[in-house]
Each structure stands twice: as structure tokens, then as C-alpha cells.
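Student:
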Amino acid sequence: MFMAQTTIQEIFSDYLTKKPLFLNKSALGDNYLPENIAHREEQIRQLSIILAPTLNQEKPSNIFIYGSTGTGKTLVTKHVTSELNKIAEKNNIVVSVFYVNCKMKRVADTEYRLLAYLCELLGKNVPATGLPTDSVYKAFYSAIEERKGVVLLIIDEIDALIKKIGDDFLYNLTRINQNLMNVKCSIIGISNDLSFTDYLDARVRSSLSEEELIFPPYNAMQLQEILRERSKVAFSADKNYDGVIAKCAALAAQEHGDARRAIDLLRVAGELAERNGDTQVDESHVSQAEDKVDSDRILDAIKTQPKQTKAVIYSVFLKLKENERLVLTGEVYDEYKTACKKLSLKILTQRRFSDILSEIDLLGIINARIISKGRYGRMREITSSVSDDLRKKVILCLKEEFYF
DNA sequence: AGTCCACAGGAAGGGCAGGCGA
DNA sequence: TCGCCTGCCCTTCCTGTGGACT
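When the first sequence is numbered by the working numbering, its final residue is 664 and no position is left out of the sequence of numbers.
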């Protein structure tokens with residue numbers, strides 16, 4: 261007991277006396293808005309031009325923004341709209357900006373939930389279930405109407421939502437101004453999927469993408485510059501981080517120039533160094549960070565899933581461990597049934613099971629493709645999109661959660 | 001050319017939790 | 001409180017399908 265206490269005291273006093281690696285870790289966080297956004301000058305300029313009529317109380321065009329993950333779409337949009345807000349406020353112009361991310365599970369992943377969430381943002385509470393959708397629309401319209409002036413709705417990861425619920429919702433949104441008297445409402449849709457508009461009805465497509473902006477991926481040099489800017493704020497100034505930054509940038513550039521990944525790598529490398537008690541971040545920390553960033557993302561995604569989905573993931577991974585490379589739908593369903601019996605969980609039908617497989621495919625946890633084995637049937641061929649180590653970790657993690 | 005497998009995935013509907021108005 | 005409505009999750013029933021086999 262006494263030993264333990266000294267150890268705790270040692271840890272805490274060590275922490276206090278040691279010079280911290282991080283000065284301001286939030287500069288490497290998800291919600292950090294830097295003052296200068298490097299290599300996005302053109303996109304910022306274009307977006308500002310499109311949104312400028314707002315300041316005359318005119319409705320700006322609806323905008324569609326494309327680009328793969330970590331190309332600065334959300335950041336630029338938030339930056340430009342917040343600048344717009346500042347100027348509007350200074351000149352007593354009424355502009356309201358609302359941001360929703362459709363990937364938020366059980367918050368904005370159906371038409372009803374998204375509308376309910378928007379109502380909440382607009383200051384009107386709508387119950388989580390029970391109301392007909394058209395009355396939620398009415399609540400939404402009246403909440404917007406109270407705003408006056410111009411309302412900008414930023415809908416992030418809109419491709420994920422539309423693939424799930426179809427484009428009727430977008431059709432209603434594009435006609436929103438017909439239902440509004442005092443307010444002009446514009447939509448800024450953000451999509452990771454460049455071919456997303458293929459899914460849309462022609463009418464929706466033309467009215468939603470009155471303007472289009474494309475965000476190209478960053479190259480390694482650009483990523484380095486971004487990281488250098490951030491590291492100036494995040495870390496103590498007396499150390500040299502060039503090697504570390506170069507490595508983070510190179511790794512992220514391989515993954516279609518994803519700046520978020522580069523920043524995550526740098527942050528996690530710093531955290532690992534700090535935890536080890538090292539005084540300097542070096543390239544070995546980045547290598548460790550690479551594994552950790554991937555596994556944390558997948559583990560987080562899995563932890564927030566409902567029980568049945570977890571059981572399906574568990575069965576897939578367990579079967580993959582046996583079969584090494586790939587598994588087929590039928591095999592996994594059998595494994596799933598066994599797992600459910602063990603867990604005294606209700607066994608869902610193959611139909612529902614098939615839908616859950618599609619969902620975890622969309623989450624990027626597995627890769628499934630439909631193959632035909634001739635007279636031996638048509639089925640999904642499932643491979644893992646995560647490393648063996650991580651798969652083992654997930655199995656252990658779920659075992660712990662399920663108590664066996 | 002026709003058959004047949006083992007599913008994929010669409011359509012319809014049931015049960016449940018929860019809201020609303022009378 | 002009650003009857004009726006809704007969205008969500010799920011089941012049941014069904015049609016469609018690519019290609020090995022006959």
C-alpha cells in the first residue's frame with residue numbers, strides 16, 4: 261500500500277517537475293481552427309466569393325464541396341463561415357450558420373434524426389421518436405423562420421447519409437426556400453466521395469450543386485508545411501522536429517494526402533514520447549503512432565456499435581483467424597449463431613445479418629465483395645481491412661465485454 | 001441450353017417505444 | 001388514460017443472379 265502511494269506521488273511530482281513536451285496540445289486536435297490555412301488559398305477565395313452575397317442579405321448559391329478525407333474541406337468551410345459571421349456581426353447583418361456531420365451514429369444517420377438534430381441546433385427540441393416526419397419538417401421550417409436574414413446549413417459527410425436514406429431528403433432541402441417567408445437558406449454539402457452526385461436525381465443535382473468546389477489531396481511537402489505550423493503552436497520551441505514531421509508527412513502522403521492523419525500521427529507520437537518520459541519525439545515514436553492511430557480509430561468505431569453488430573464483427577474476425585485469408589457469408593453466419601448461443605443473444609435472421617455485414621463493410625472494418633461459385637451459389641467473400649494484430653485485439657476486447 | 005445453388009437484396013409488415021390529442 | 005400515430009429494428013416472403021455443372 262505504502263509502496264503504491266509513493267509510486268503515485270513520484271509519478272505526479274515527476275510530471276510536475278519535468279518540462280512538458282506539449283505547450284498546447286489542442287493545436288493537434290480535431291477541433292483546432294488555425295489562423296492560416298496553408299495551400300487552400302484558392303478554395304478559401306472561391307468559397308468567400310460564393311458566400312459574399314450573404315452580406316447583402318441575398319441568398320448565396322448552394323454549394324457542393326468534394327475531396328477525400330483530410331483535404332481541409334470542413335476546416336476551410338468552418339473558417340470562411342466564421343469570418344463571414346464576424347464581419348456580419350460588425351455590420352449588424354443577421355447570418356446564422358449551422359453545422360451537422362451525418363456520420364454521427366444515432367444522431368444524424370436518418371432523415372428524422374438529422375431534422376431533429378437541426379431543430380435542436382436551431383433551439384427547438386423535438387422528441388427522438390414519435391412524431392411524423394412532416395411535423396418535424398414543420399418544426400424545422402418554423403425554427404429557421406425565427407432566425408431572420410440568411411441561414412447557412414453545412415451538411416458534412418452528406419454522401420454517407422444519402423447512400424443510406426436516398427435523395428428525397430435532399431430534394432426537400434433544396435425546395436426549402438419555397439416554404440420560407442423571412443429567411444433565405446443555403447446549403448453547403450460536403451462529400452468525401454467524388455462520384456457522389458451519380459446517386460442523385462437530376463433535379464436535386466442541378467439545384468444542389470449550383471456551385472462546386474474540389475479539394476485536391478495535399479502532397480508530402482505541403483503536409484510538412486502544415487505540420488510545421490501546427491507544431492510551432494503545439495510543442496515547446498526549443499527542439500527540432502524536422503525528422504518527425506517529414507516522416508508523418510510521408511506516411512500520410514501515401515494515404516491520399518490526408519492531413520488529419522498526418523496531424524494525428526504527430527500528436528500520438530508526442531503522446532507516446534511523453535508517456536515514455538522521453539524528452540524528445542523521434543521517428544521511432546512515429547512508427548509506434550502509426551499502429552496506434554489505426555487501431556484506435558477501428559476500436560473506437562467498434563466500441564460504439566450495438567451488441568448485435570459487435571457479435572457479427574466478432575464472428576467475422578474469429579472465422580478469419582481460422583481461415584487465414586478470407587471467409588464466406590455462410591461460414592460467418594454459422595459462427596455468428598454459435599457466438600449468439602454462447603452469449604445468450606437472440607439470433608437474427610440471415611437477412612438482417614446480411615444487412616449488418618453491409619454496415620460493417622461501410623464502416624471500413626471488413627472488405628466484402630459478391631462472388632459467384634457457380635452451382636455452389638452466390639455469396640459475399642469477406643476479407644479483413646485491418647491488421648492481424650488489431651484483429652486479435654478486437655477479439656480480446658469484445659470477449660472481455662461479453663464476459664467469456 | 002437448362003438447372004441449380006446460396007445467397008443478395010427489395011417489399012411488406014409486425015412489434016416496440018414513444019409522442020400527441022381527446 | 002386511451003387510441004392512434006410515428007420511426008426503427010427486425011422478420012417473412014419473395015425475386016434476381018453469376019457461373020459451375022449436366
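All C-beta atoms, glycine included, are put in the ideal place defined by N, C-alpha and C.
So, with DSSP's three-state summary, where would you put residue 399?
Tutor: By one-based count along the first sequence, residue 399 stands at place 139. Here residue 399 sits in helix by DSSP.
Student: Grouping DSSP H, G and I as helix and E and B as strand, with all else coil, what is residue 542?
Tutor: Residue 542 sits at position 282 when you count from the first residue of the first sequence. Residue state, collapsed to three classes: coil.
Student: Quick check on residue 527: buried or exposed, where buried means 16 or more other Cβ atoms within 10 Å of its Cβ?
Tutor: In the first sequence, counting from the first residue as 1, residue 527 sits at position 267. It counts as buried.
Student: Identify the continuous beta strand (DSSP E) that holds residue 443 and give its terminal residues.
Tutor: Here residue 443 is taken as the residue at index 183 of the first sequence, counted from 1. From DSSP, the beta strand (DSSP E) with residue 443 extends over 443-451.
Student: Does residue 354 come out as helix, strand or coil in the three-state DSSP assignment?
Tutor: Along the first sequence, read from residue 1 onward, the residue named residue 354 stands at position 94. Of the three classes helix, strand and coil, the one that applies to residue 354 here is coil, per DSSP.
Student: Considering only residues of the same chain and omitting the five flanking positions on each side of residue 666, which have a CB-CB separation below 8 Å?
Tutor: The chain is shown only over 261 to 664; residue 666 falls outside these bounds and no answer can be derived.
Student: Where DSSP assigns a beta bridge to residue 649, which residues make up the other side?
Tutor: Translated into positions along the first sequence, residue 649 becomes position 389. Paired residue(s): none; residue 649 is not in a bridge.
Student: With distances taken from CA atoms, which of 619, 623, 569 is nearest residue 600?
Tutor: The sequence position of residue 600 within the first sequence is 340, counting from 1. Nearest option by C-alpha distance: 569.
Student: Give the DSSP-derived three-state secondary structure of residue 298 in the structure shown.
Tutor: For this step, residue 298 is matched to residue 38 along the first sequence. Reduced to three states, the DSSP call for residue 298 is coil.
Student: On the three-state DSSP scale, how would you describe residue 625?
Tutor: Counting from 1 along the first sequence, the entry for residue 625 is found at position 365. Three-state DSSP puts residue 625 in coil, outside helix and strand.
Student: Distance, Cα to Cα, residue 492 vs residue 282?
Tutor: Within the first sequence, the letter at position 232 stands for residue 492. Within the first sequence, the letter at position 22 stands for residue 282. About 10 Å.
Student: Pull the bridge partners of residue 643 from the DSSP assignment, please.
Tutor: Along the first sequence, read from residue 1 onward, the residue named residue 643 stands at position 383. The partner list for residue 643 (beta bridge, DSSP) reads 586, 627.
Student: Of the choices 539, 560, 529, 651, whose alpha-carbon is the least far from that of residue 546?
Tutor: Looking up residue 546 in the first sequence gives position 286. The candidate whose alpha carbon is nearest that of residue 546 is 529.
Student: Take residue 451 as the anchor and find which of 440, 479, 421, 497 has the nearest alpha-carbon.
Tutor: To locate residue 451, count along the first sequence from 1; it is residue 191. The shortest Cα separation from residue 451 among 440, 479, 421, 497 belongs to 421.
Student: For residue 324, report the span of its beta strand (DSSP E) as first-last.
Tutor: Counted from its first residue, the first sequence places residue 324 at position 64. Here the beta strand (DSSP E) through residue 324 covers 323-326.
Student: Could you check whether residue 603 and residue 662 sit closer than 8 Å to each other, using their CB atoms as the reference points?
Tutor: Numbered from its first residue, the first sequence carries residue 662 at position 402. Numbered from its first residue, the first sequence carries residue 603 at position 343. Cβ atoms of residue 662 and residue 603: closer than 8 Å.
Student: With distances taken between CB atoms, is the gap from residue 475 to residue 363 smaller than 8 Å?
Tutor: Translated into positions along the first sequence, residue 475 becomes position 215. Translated into positions along the first sequence, residue 363 becomes position 103. No, Cβ-Cβ distance for residue 475 and residue 363 is not below 8 Å.
Student: By how many angstroms is the C-alpha of residue 653 removed from the C-alpha of residue 280?
Tutor: The residue given as residue 280 occupies position 20 in the first sequence. The residue given as residue 653 occupies position 393 in the first sequence. Going from the Cα of residue 280 to the Cα of residue 653 covers about 31 Å.
Student: Enumerate in chain order the residues of its own chain whose CB-to-CB distance from residue 659 is below 6 Å, with the five nearest sequence positions on each side excluded.
Tutor: Walking along the first sequence from the start, residue 659 turns up at place 399. The answer is none, since no qualifying residue turns up.
Student: Cα separation between residue 596 and residue 566?
Tutor: For this step, residue 596 is matched to residue 336 along the first sequence. For this step, residue 566 is matched to residue 306 along the first sequence. Near 15 Å, if we compare the C-alpha coordinates of residue 566 and residue 596.
Student: In the structure shown, what three-state DSSP assignment does residue 523 receive?
Tutor: Here residue 523 is taken as the residue at index 263 of the first sequence, counted from 1. Helix.
Student: Near residue 351, what residues of its chain come up, given a Cβ to Cβ distance below 8 Å and the 5 sequence neighbours on each side ignored?
Tutor: Working through the first sequence from its first residue, we reach residue 351 at position 91. So the qualifying residues of the chain are 315.
Student: Output the distance between the C-alpha atoms of residue 598 and residue 485, rounded to the nearest integer angstrom.
Tutor: Position 338 of the first sequence, counting from 1, holds the residue named residue 598. Position 225 of the first sequence, counting from 1, holds the residue named residue 485. Taking the straight line from one Cα to the other gives about 52 Å.
Student: Looking at the unbroken alpha helix (DSSP H) that takes in residue 419, where does it start and where does it end?
Tutor: On the first sequence, position 159 is the one that residue 419 refers to. Residue 419 -> alpha helix (DSSP H) spans 418-425.
Student: Considering only C-alpha positions, which residue in the set 323, 586, 519, 494 is nearest to residue 626?
Tutor: Counting from 1 along the first sequence, the entry for residue 626 is found at position 366. Nearest option by C-alpha distance: 586.
Student: Between the C-alpha atoms of residue 500 and residue 646, what's the straight-line distance to the nearest angstrom?
Tutor: In the first sequence, the residue the question calls residue 500 occupies position 240. In the first sequence, the residue the question calls residue 646 occupies position 386. Rounded to whole angstroms, residue 500 to residue 646 spans 33 Å at the Cα level.
Student: Got a sec, what are the start and stop residues for the alpha helix (DSSP H) residue 486 sits in?
Tutor: Here residue 486 is taken as the residue at index 226 of the first sequence, counted from 1. Looking at the DSSP string, the run of the alpha helix (DSSP H) that includes residue 486 is 480-494.
Student: I'd like the list of long-range same chain contacts for residue 442, defined as Cβ closer than 7 Å, with 5 residues on each side in sequence excluded.
Tutor: As a position in the first sequence, residue 442 is number 182, starting the count at 1. Counting only Cβ-Cβ distances below 7 Å, and skipping sequence neighbours, we find 405, 408.
Student: How close, in whole Å, do the beta carbons of residue 525 and residue 512 come, if the pair is a contact with beta carbons under 8 Å?
Tutor: Position 265 of the first sequence, counting from 1, holds the residue named residue 525. Position 252 of the first sequence, counting from 1, holds the residue named residue 512. So it is a contact: roughly 7 Å between Cβ atoms.
Student: Kindly give me the distance between the Cβ atoms of residue 319 and residue 437, rounded to whole angstroms, as I take these residues to be in contact under 8 Å.
Tutor: Indexing the first sequence from 1 puts residue 319 at position 59. Indexing the first sequence from 1 puts residue 437 at position 177. So it is a contact: roughly 7 Å between Cβ atoms.
Student: Looking at the structure shown, is residue 638 part of a helix, part of a strand, or coil, going by DSSP?
Tutor: As a working mapping, residue 638 is identified with position 378 in the first sequence. Of the three classes helix, strand and coil, the one that applies to residue 638 here is strand, per DSSP.
Student: Out of 463, 454, 479, 639, which has the shortest C-alpha to C-alpha gap to residue 514?
Tutor: The residue given as residue 514 occupies position 254 in the first sequence. Residue 479 is the option with its Cα nearest to residue 514.
Student: Taking the Cβ atom as the reference point for each residue, do residue 509 and residue 287 lie within a distance shorter than 8 Å?
Tutor: Residue numbering aside, residue 509 sits at position 249 when the first sequence is read from its first letter. Residue numbering aside, residue 287 sits at position 27 when the first sequence is read from its first letter. Taking 8 Å as the Cβ cut-off, residue 509 and residue 287 do not qualify as a contacting pair.
Student: Quick check on DSSP: helix, strand or coil for residue 261?
Tutor: On the first sequence, position 1 is the one that residue 261 refers to. With a pLDDT of 45 at residue 261, under the threshold of 50, the predicted position of this residue should be treated as unreliable, and no value is reported.
Student: Work out the CA separation of residue 306 and residue 482 for me, nearest whole Å.
Tutor: Here residue 482 refers to the residue found at position 222 of the first sequence. Here residue 306 refers to the residue found at position 46 of the first sequence. If I take the Cα positions, the gap works out to 20 Å.
Student: On a CA-only basis, which of 361, 560, 469, 440 is nearest residue 397? Give me that one, please.
Tutor: Taking the first sequence and counting its residues from 1, one reaches residue 397 at position 137. Comparing Cα-Cα distances from residue 397 to each of 361, 560, 469, 440, the minimum goes to 440.
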